[in-house]
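Worksheet: one structure, shown below.
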Amino acid sequence: WVIIMVAGASNSVNLTDGLDGLAVGSSMMVFGAYTLVGIWQNNQYCVNTPGPRCYNEIRDPLDLAVVTAALTGACFGFLWWNASPARIIMGDTGSLSLGGAMAGLAILTRTELLLVIFGGLFAVITMSVILQVGYFKLTKGKRLFRMAPLQHHFELLGWAEVTIVIRFWIICGICVATGLGLFYAEWVLGV
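Residue numbers (the working numbering): 1 to 191.
And the structure:
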């Protein structure tokens with residue numbers, strides 16, 4: 001399960017890294033969410049009086065929050081130079097490591113399924129590639145999208161690169177807000 005998560009998250013971020021600032025801006029939001037998750041888990045850490053609403057199975061949640069805050073800040077600093085027109089690019093090494101870090105944080109905070117919601121944009125872009133390849137093979141050469149990953153489909157439709165990036169950031173922000181709401185609701189409702 002861990003290998004699938006790390007490989008999936010790494011490749012999802014790598015597929016997203018096709019437009020200036022898209023992957024790093026979206027990653028910044030996800031890491032920001034994991035910072036809040038780590039802080040929340042630290043505040044609910046009950047060593048002396050364990051109860052149903054305690055996160056005792058998470059080791060050192062505040063340390064994880066510090067690491068994710070550092071990753072958020074690193075993404076923010078990198079975004080300054082990676083926003084359109086990019087003066088520096090991440091490449092495969094950067095995007096694969098960001099995805100691996102996301103998977104690692106999900107595993108360490110025990111929020112593996114929440115990563116799919118936090119990284120909903122990454123999941124949609126990855127699914128666009130899977131659907132494109134599957135449809136192409138089933139129909140013997142027809143395409144579902146003009147080009148995959150999805151952000152390039154919108155480029156070929158005539159959308160400006162900055163428009164695509166900002167709209168995808170909005171989608172990512174909605175996914176992150178939904179994930180944080182579900183994370184908090186799970187604790188409040190105890191489900």
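Positions of the beta carbon are idealized from the N, C-alpha and C atoms, including for glycine. Keep in mind the model is a prediction, meaning the values are calculated, not measured.
Close beta carbons around residue i, own chain, < 8 Å, minus the five adjacent residues each side
i    : result
M5   : A103, A106, I107, E112, L115
T178 : I117, G120
S84  : L19, D20, G21, E161, V162, V165
Beta-carbon contacts of residue i that lie in its chain and below 6 Å, excluding the five residues immediately before and after
i    : result
L98  : V13, S27
M147 : H153, L156
C-alpha gap between residue i and residue j, whole angstroms
i    : j   : result
W169 : G25 : 7 Å
V66  : N43 : 14 Å
Y34  : N82 : 22 Å
Q151 : G8  : 19 Å
Range covered by the alpha helix (DSSP H) that runs through residue i
i    : result
P61  : 61–82
G99  : 91–108
Q151 : 150–156
Three-way DSSP call (helix, strand, coil) for residue i in this model
i    : result
W169 : helix
L36  : helix
I125 : helix
K142 : coil
M5   : helix
Q44  : coil
G25  : helix
Cβ-based neighbour list, residue i, same chain, cut-off 7 Å, excluding 5 preceding and 5 following
i   : result
F31 : T68, L71, T72, C75
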